Every structure is written in C-alpha cells, then in structure tokens.
Amino acid sequence: MNWPDLSMGGYGFYVWGSYIFALILIVGEVFSLKQRKKTLRQQQNEHQQQMSSSVSPSVLTGSANETTS
Amino acid sequence: MLRWIVWRDLTLAWRRRADILSTVFFFIIVVSLFPLGIGPETQLLRSIAPGVIWVAALLASMLSLNRLFANDLQDGTLEQLLLTPQPLFLVVLGKVLAHWIVSEIPLVLIAPLVGLQFDIPGETLLILVVSLLVGTPVLSLIGSVGAALTLGLRGGGVLISILVLPLYIPALIFGAGAVEASIIGASPAPHLYLLGAFAIVSLIFSPWATAAALRISLE
Amino acid sequence: MNLYKYASPANFYPLAGKMIPWFAIPSAILFAAGLYVGFFIAPTDFQQGDAYRIIFIHVPSAWMGMFLYVLMAIYAGIGWAFNARLASMMASAIAITGAMFTLLSLVTGALWGKPTWGTYWAWDARMTSTLILLFLYIGFISLQSAIDDTRRADRAGAVLALVGVINVPIIYFSVQWWNTLHQGASIRILGKPTIAAPMLAAMLIVLAACWFYSVAVVLIRLRCIILEREQNASRFAEVNA
Chain C
60 MNWPDLSMGG YGFYVWGSYI FALILIVGEV FSLKQRKKTL RQQQNEHQQQ
110 MSSSVSPSVL TGSANETTS
Chain U
65 MLRWIVWRDL TLAWRRRADI LSTVFFFIIV VSLFPLGIGP ETQLLRSIAP
115 GVIWVAALLA SMLSLNRLFA NDLQDGTLEQ LLLTPQPLFL VVLGKVLAHW
165 IVSEIPLVLI APLVGLQFDI PGETLLILVV SLLVGTPVLS LIGSVGAALT
215 LGLRGGGVLI SILVLPLYIP ALIFGAGAVE ASIIGASPAP HLYLLGAFAI
265 VSLIFSPWAT AAALRISLE
Chain G
244 MNLYKYASPA NFYPLAGKMI PWFAIPSAIL FAAGLYVGFF IAPTDFQQGD
294 AYRIIFIHVP SAWMGMFLYV LMAIYAGIGW AFNARLASMM ASAIAITGAM
344 FTLLSLVTGA LWGKPTWGTY WAWDARMTST LILLFLYIGF ISLQSAIDDT
394 RRADRAGAVL ALVGVINVPI IYFSVQWWNT LHQGASIRIL GKPTIAAPML
444 AAMLIVLAAC WFYSVAVVLI RLRCIILERE QNASRFAEVN A
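Residue numbers (the numbering used here), protein chains in the order written: chain C, 60 to 128; chain U, 65 to 283; chain G, 244 to 484.
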C-alpha cells in the first residue's frame, strides 16, 4: 500500500472537489429523504390522533376499515 | 376526415389572424435582437446566422404550440374528437398539418428576409428555406406531443419548453448545420438528408404518441 | 410463493423496508473499497498525473445516469401498459436519483476537464449528450410535479420517458455528428487513458457501489411516495364519505 500524494500533484482542488461534491449530493439526497419521511410520519400521527379523538360514531366505524402501514 | 380537420383548423386560424402574425413578429424580433446584442460586424453575424435563425424558429414554434389543442379543449370540441370512430391518429395528423401551414410556413417564407439581415449569400438563403421547410414539420410534430401532455396544466409555456426543446435538438443541429455547410462552401446534402430522415421518423411516431397523450390528459 | 402480491404498494412497502439495509450497507463498503483501490493501489497516470483519479467517480456516475434513465422509462412503460401503480411509482422514485448522477457526472467531468484540457466545459459529444440527458430528466420531473392527478401524472410521465428514451440515441448520434464537423473549435479527447487493471477494478467497484446506493435510495423514496399516495387517498375518501 503506497500512500497517494494528497495534493494530487497539484490538482487537489479538482480531485477532492469532485469527491466532496459527490459526498454533498449523497448526503443531501439521504438527508432530504429522511426529512420527507419524518414529515409524512408526523402527518400520519396527527391524522390518527384526529381520527381517534373525534366522537362521531360514523367516523369511528369508517376508521376501523383503514389500512395501516 | 383528415381533410375536414385541416380545413376546419385553417378556417378557425384565419379568424384569428392576429395570432399567426404574432408568431412571425416574435421570430423577426428575436432574430433582430442578436446583432443588437453582439455587434454589427458582418463576418461575425454571418457565422452565427444559421444557429440564431434556427433557434428563433424553435422558440417561435414553442410559443405557437398552445394554439394546437387549447382552444378546442375550451369549447369542448376536443372531447368530441376523441369520441369519433375515426382513429385519433388521423385527427392529430390533421391538426398538426394545419398548425404547420399556419404557424411554420410563414416563418419559412420570412426567413430569407431575415437572412439578409445577416448578410447571408443568395444560394445559402435557398438552403435556409429548404432546411426550414424540411425541419419545421419536426417542430410541429414533436411539439404536438408536448402540447398534448401539458394540456390544461398551470405553468403553460415554460413547461412545454422544458419538455420539448431538448427533443428539438437533433433538428436544430442538422438544420443549422445544413445552412452553415452552405455558407462555408461544403455540401448541405448530408445534413438535409438526415433532417429529412428525422422528419419521417417523427411523422411516423409522433401522432401516435400525441394521440396517447391526449387520451391521458382528457380522462 | 405468490410473488404477485408484492405488486401491491401496501404489500411491497414492508418488503422494501427490509431490503434497504441490505443495499445501503454494502454500498458504503463498496465505495470505501473502490476508493481504496483507486487511491492507494492504482498508480499515477503517465499522462495526466493524479488528476485522472476523478474518473473513479466520473465514469460510474455517467453510466448510472444513463442506466437509470432507461430503467425509469421501462418502469414507466410497464406501469402504463399493465396499469401497475407500483411500477409507475418506481419510475417517479428513480427520476431524482438519476438526475443527480447525471449532474454529478457533468460537474466531475468539468473538474476533470480543467486540468486535462484546460477548460471546464468542452462541447464534446459525450458531455453535450449528458447535458441533454439532464434536461430530459428535468422535463420528466417537472411534468410529474405539474400534474396533481397521480394517474395522469404517471401516464403522462410514461409517454414522455418513452419518447425520451427513443430520442436518446438519436440525440447522441446528432451531437456526435455536430461535434465531428466542428472539430476545429472543439477539444478532442485524445483517447482514454490506458486502463491499467487496478484503475478498471476501482471504477467497477465504485460502479457497483453506485448501483447498491441507487437501489437503497430509490426504495426509501418509493416508500415515501407510497405513504404520500396512501394519505392523499384516505383523506379524499374521508372528505367524500
């Protein structure tokens, strides 16, 4: 194993820049997906709270048939 | 049926002549902007002319695509057309043909005048006209797919542009290429043949895609 | 075992959830392995010095951009032809990841171009075609986000993706033609660097890493889409009950 020249022969900006950009895209994508999932979960929780707290019988029979994920 | 559709669309377009003229004016204005932005040096203008004129034709076509289906959608005719026993493919072909006659042919006719602004030599002006004549059907055909897909959507003209302009690129390359070849003295024939081939392929596939898109948009 | 039950989004959702770690973890390992081979084992290039090491991320991302577009078109087509909602959702899930890889290949290509050819952007056939591919992705994503009705959005997207996929070879050919004609103005790539075995190995390992990453990320996004549509559907049902 030979340690590479970390300055990449002077081209460090280009090489490391590329990989850092790739990392930014990857982290960005995963992070934005986590956010999206979190928002959906929150919405679902609020929704289920609404359903269980409302007293109307017709609504309750309706919610008994809801599919849960 | 085909003839009837074409005749109907032509008649309706004639009643809205101003719309047609606005496409031509847009074309002329856009082309005239380039020398103003770049400078009047003849050599430079002659070298950018093929690209500029073709891009302006692309943009003018873009703007006119709305007219293809929007009016018929509004007055309910489009839904009726979908219900006829005639193949939708033919209806689309008729409308695209009418669109080409009304929106693209004027550009083809005006092109030589615009070409003179860029000091394009005489023989090249002819090639310019031919390239537009062969290429503009492609613009109408592929444009019709975009128009059908975006029927009734907000975002209008910009959305169609995003969808359709990348697909116009081969036509642009060969069309402008033919004119440029003529300017530098090479033969424009290969470009024109390829443009023609692209036009034929579009003619075969686009009406079918547009018909499918219309059904999807109107469900 | 009846596989067809997984065609339903509700059934596929938990399966997808179980699959994700099986792709995410190998992806990270493969990235690490590929970059190790690329940086520690592959020698410095004779012509380009160490700048060439960008290819270990540039080439795989370019390939991914192209593969994913075709895959997206196939799923969209299947969804349209067989009325399979899950397939259409898959196509929508792939789009953003495919666009990202395409963007990555353009940026890394530009960063590779500067030290190698002296300019960030060279209008060569491949780079230009990749740019147009990015436009096609953007078109697909824009169209789907402009349509509220999911059924219409799925099918319209399918038409666009299929028209796009047919056009990609045409566009590539025409750009190549355009490029060879304008040789004087453009900068030609003077052949690929001679691929030594460790270089090729590194590229292929990173490519595999990209594939595993894509599957993981697309499955995560697919699950979000399934949830979103489920929520919209149940809200719709309530309002109209």
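From the three backbone atoms N, C-alpha and C, an ideal C-beta is built for every residue, glycine too.
Because the structure is a prediction, the values reported are computed rather than measured.
- For residue 223(U), a Cβ of chain G is located within less than 7 Å of the residue's own Cβ.
- Under the three-state reduction of DSSP, residue 83(U) is assigned to helix.
- Comparing C-alpha distances from residue 366(G) to each of 352(G), 379(G), 378(G), 275(G) shows the shortest one belongs to 352(G).
- Non-local C-beta neighbours of residue 165(U) in its own chain, meaning closer than 7 Å and more than five positions away in sequence, comprise 74, ordered along the chain.
- At a cut-off of 3 residues, not a single continuous stretch assigned as beta strand (DSSP E) sits fully inside the region 307 to 364 of chain G.
- Contact between residue 203(U) and residue 240(U) fails: their C-beta atoms lie close to 13 Å from each other, not under 8 Å.
- At a cut-off of 7 Å, the C-beta of residue 90(C) has no neighbouring C-beta in chain G.
- As computed with DSSP, residue 288(G) is found in a beta bridge with 292(G).
- Secondary structure at residue 425(G): coil, using DSSP grouped into helix, strand and coil.
- Residue contact with chain C for residue 303(G): absent (no Cβ-Cβ distance below 7 Å to any residue of chain C).
- At a cut-off of 7 Å, the C-beta of residue 219(U) has a neighbouring C-beta in chain G.
- Fewer than three pairs of CB atoms, one per stretch, sit closer than 8 Å, so the region 304 to 324 of chain G makes no contact with the region 265 to 279 of chain G.
- At a cut-off of 7 Å between C-beta atoms, residue 234(U) counts as an interface residue with respect to chain G.
- For residue 358(G), a Cβ of chain C is located within less than 7 Å of the residue's own Cβ.
- Interface annotation, residue 308(G): not in contact with chain U, CB-CB separation never under 7 Å.
- Nearest neighbour of residue 372(G) by Cα position, chosen from 394(G), 422(G), 395(G), turns out to be 422(G).
- With contacts defined by Cβ atoms closer than 7 Å, residue 309(G) and residue 338(G) do not form a contacting pair.
- When the five nearest sequence neighbours on each side are left out, the beta carbons in the same chain lying within less than 7 Å of the beta carbon of residue 456(G) are those of 270, in order along the chain.
- Each of 218(U), 72(U), 87(U) was checked against the Cα of residue 125(U), and the nearest Cα belongs to 87(U).
- Listed in chain order, the non-local C-beta contacts of residue 172(U) below 7 Å within the same chain comprise 193, 196, 197, 200, local neighbours out to five positions each way being set aside.
- When CB distances to chain C are screened at a threshold of 8 Å, the residues of the region 341 to 355 of chain G falling below it are 343, 346, 347, 350, 351, 354, 355, in chain order.
- By the criterion of a C-beta distance shorter than 7 Å, residue 255(U) is surrounded in its chain by 238, 241, 242, 245, once the five residues flanking it on both sides are discounted.
- In this chain, residue 251(U) is not harboured by any alpha helix (DSSP H), its DSSP state being neither H nor E.
- Residue 277(U) carries a helical assignment under DSSP once its states are collapsed to helix, strand and coil.
- For residue 369(G), the nearest beta carbon of chain C is not closer than 7 Å to its own beta carbon.
- When Cβ pairs closer than 8 Å are counted between the two stretches, the region 249 to 264 of chain G is seen to touch the region 324 to 334 of chain G, the count reaching three or more.
- Exposed is the label assigned to residue 109(C), since fewer than 16 other Cβ atoms lie within 10 Å of its Cβ.
- Within chain C, the C-beta atoms nearer than 7 Å to that of residue 300(G) come from 77, 78, 81, in chain order.
- Comparing alpha-carbon positions, the option among 479(G), 469(G), 480(G), 481(G) lying closest to residue 99(C) turns out to be 469(G).
- Annotation: residue 225(U) to residue 267(G) spans about 37 Å, alpha carbon to alpha carbon.
- For residue 448(G), not one C-beta of chain C is nearer than 7 Å to its own C-beta.
- Nearest Cα to residue 379(G) within the set 368(G), 474(G), 397(G), 403(G): 403(G).
- Nearest to residue 416(G) by C-alpha distance, out of 397(G), 369(G), 454(G), 388(G), is 369(G).
- For residue 465(G), the enclosing alpha helix (DSSP H) begins and ends at 440 to 482.
- For the options 318(G), 324(G), 401(G), 458(G), the alpha carbon positioned closest to that of residue 333(G) is the one of 318(G).
- For residue 213(U) and residue 103(C), the gap between their C-alpha atoms comes out near 33 Å.
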